[in-house]
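Working notes, beginning with the structure itself.
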Amino acid sequence: MFPLFFSSIDESVCKKKKKKQKRKKEKGEQFDLVQDQPAKVNSLPAERMQEIQKAIELFSVGQGPAKTMEEATKRSYQFWDTQPVPKLGEVVNTHGPVEPDKDNIRQEPYTLPQGFMWDALDLGDRGVLKELYTLLNENYVEDDDNMFRFDYSPEFLLWALRPPGWLPQWHCGVRVISSKKLVGFISAIPAAIHIYETEKKMVEINFLCVHKKLRSKRVAPVLIREITRRVHLEGIFQAVYTAGVVLPKPVGTCRYWHRSLNPRKLIEVKFSHLSRNMTMQRTMKLYRLPETTKTLGLRQMERKDIPAVHKLLAEYLKQFHLSPMMTEEEVEHWFLPQLNIIDTFVVEVRAFLLFYYSNYPESKLCSGALLYLKSLDLKQLEQKPADTSERSDGILRQSTIYCY
65 MFPLFFSSID ESVCKKKKKK QKRKKEKGEQ FDLVQDQPAK VNSLPAERMQ
115 EIQKAIELFS VGQGPAKTME EATKRSYQFW DTQPVPKLGE VVNTHGPVEP
165 DKDNIRQEPY TLPQGFMWDA LDLGDRGVLK ELYTLLNENY VEDDDNMFRF
215 DYSPEFLLWA LRPPGWLPQW HCGVRVISSK KLVGFISAIP AAIHIYETEK
265 KMVEINFLCV HKKLRSKRVA PVLIREITRR VHLEGIFQAV YTAGVVLPKP
315 VGTCRYWHRS LNPRKLIEVK FSHLSRNMTM QRTMKLYRLP ETTKTLGLRQ
365 MERKDIPAVH KLLAEYLKQF HLSPMMTEEE VEHWFLPQLN IIDTFVVEVR
415 AFLLFYYSNY PESKLCSGAL LYLKSLDLKQ LEQKPADTSE RSDGILRQST
465 IYCY
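Residues are numbered in the working numbering as their position in the sequence shown, beginning at 1, plus a constant of 64.
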């Protein structure tokens, strides 16, 4: 642990050998740093200690969470060091479960900080769904400058959280006992994952969110432990999740490629900026889209396409050592087009493209469409002309496409 230092706010500790001078209250006034005594440290409130500990971790490698493996190796991960995951520096030469499945599973929920209670959210209740939307809208993932945050619509949340096999107890909320206000959430949905030659039933963890005012109370680790307990009760002992930061220990990474569709708006709202030596008119001309698509026969997916899409997807995913496995029912749920949620396009010659997006009329919001799966027949890959934005080696690509 790093030595603990405090910035003194008592000017009496700044002793001067020269005779006293008139104290001046100036901006940027310097104070001596003194190492406090252990007894005084222990007397601090728990909340203050947590804030200090977090500050030490942040300043040890600079502000903000670790974004690269190099930064992450210099960090300490007190919570993740207690979890069944590989350490960042650990060399793994075999594949299999980190620990065996458990027979003795805790039956009682984990204890929350005083004043809070668990609540399994009924997302079929429009009022509860609106509460979850508000919590995520105001407190979920945002950029480093706190300017942009995901704005998932209630309909999008239903699509993301209620796929085939979903369970209500896996929509795990935290409320304030006195006001019943929703202040925390974490979710799990079922997933079948193919790992080398093994097929494993898992869950995908998503939407971990704690109200900004409660982040000093260590609610997030309790949420993770509780959703783990609830998943264990269903006989599932592995989970996957994604994060925009490096945590112990990634098994895969994905790069996002951005393609501006409405550069004027994105620049006006400060999502992006004009490149060097570029004007707005030149930028708009550069990103202007053609009037018609180049792919002949491209159309929106229909219900009748589900069996063919399912077969094509299964064949495509076989080339990867780590990949999801889907039933036709899951293909229908995740891929069949829904207004303002998911758009899937097919070409009669066995290829399909897939988007999901959010679209809002207010000018203060940016809409985004994420191309998260593109599947092509091998012959099509061989015949496809060279393109700097795509590769013909069958590697799965992800890219975010922003529109207006």
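Yeah, the Cβ is synthetic: ideal placement off N, Cα and C, and Gly gets one too.
Item, Value
"Continuous alpha helix (DSSP H) assignments of at least 4 residues falling wholly in the region 347-406", "370-381 and 392-399"
"For residue 320, three-class secondary structure by DSSP", "strand"
"Cut-off 7 angstroms between Cβ atoms - residues of its own chain near residue 240, not counting five sequence neighbours on either side", "179, 180 and 247"
"C-beta contact flag for residue 394 and residue 227 at 9 angstroms", "yes"
"Buried or exposed by the 16-neighbour rule on C-beta atoms within 10 Å, applied to residue 235", "buried"
"Boundaries of the beta strand (DSSP E) in which residue 331 is found, first to last residue", "Unbroken run through residue 331 is the alpha helix (DSSP H), 327-332; no beta strand (DSSP E)."
"Own chain, CB closer than 8 angstroms to residue 200, minus 5 neighbours either side, in chain order", "214, 216, 221, 249, 271 and 273"
"Closest Cα partner of residue 315 within the set 237, 399 and 156", "156"
"Buried or exposed (CB count within 10 angstroms, at least 16 for buried), residue 205", "exposed"
"Alpha helix (DSSP H) runs wholly inside the region 199-282, at least 4 long, in chain order", "218-225"
"Other residues of its chain near residue 168: CB distance less than 8 angstroms, five sequence neighbours each side excluded", "none"
"Residue closest to residue 266, alpha-carbon to alpha-carbon, out of 194, 142, 389 and 403", "389"
"As assigned by DSSP and simplified to three states, the class of residue 165", "coil"
"Proximity winner among 306, 291, 319 and 308, relative to residue 300 (alpha-carbon distances)", "291"
"Short Cβ contact (9 angstroms threshold) for residue 386 with residue 253", "no"
"Straight-line gap, residue 279 to residue 203 (C-alpha atoms, nearest Å)", "11 angstroms"
"As assigned by DSSP and simplified to three states, the class of residue 136", "helix"
"Span of the beta strand (DSSP E) around residue 183", "180-184"
"Assumed close pair residue 411, residue 365 - CB separation to whole angstroms, cut-off 8 angstroms", "In fact, because the Cβ distance is near 10 angstroms, the residues do not count as touching under 8 angstroms."
"Cross-strand partners of residue 303 (DSSP beta bridge)", "267"
"Counted within 10 angstroms of its Cβ, other Cβ atoms place residue 281 as buried (16 or more) or exposed", "buried"
"Three-state secondary structure assigned by DSSP to residue 343", "coil"
"Reduced DSSP category for residue 91 - H, G, I as helix; E, B as strand; rest coil", "The predicted model places residue 91 with a pLDDT of 40, which falls under 50 and marks its position as unreliable; any figure quoted below should be read in that light. Coil."
"Bridge partner(s) assigned by DSSP for residue 335", "In DSSP, residue 335 forms no bridge with anything."
"Check whether residue 327 and residue 350 have beta carbons under 9 angstroms apart", "yes"
"Exposure label - residue 162; buried when at least 16 CB within 10 Å", "exposed"
"Burial state of residue 320, where buried means 16 or more other Cβ atoms lie within 10 Å", "exposed"
"Euclidean distance between Cα positions of residue 165 and residue 262", "16 angstroms"
"Short Cβ contact (9 angstroms threshold) for residue 237 with residue 185", "yes"
"Beta-carbon contacts of residue 264 that lie in its chain and below 7 angstroms, excluding the five residues immediately before and after", "257 and 302"
"Euclidean distance between Cα positions of residue 382 and residue 147", "30 angstroms"
"Neighbourhood of residue 348 by C-beta distance below 7 angstroms, restricted to the same chain and skipping five residues each side", "327 and 328"
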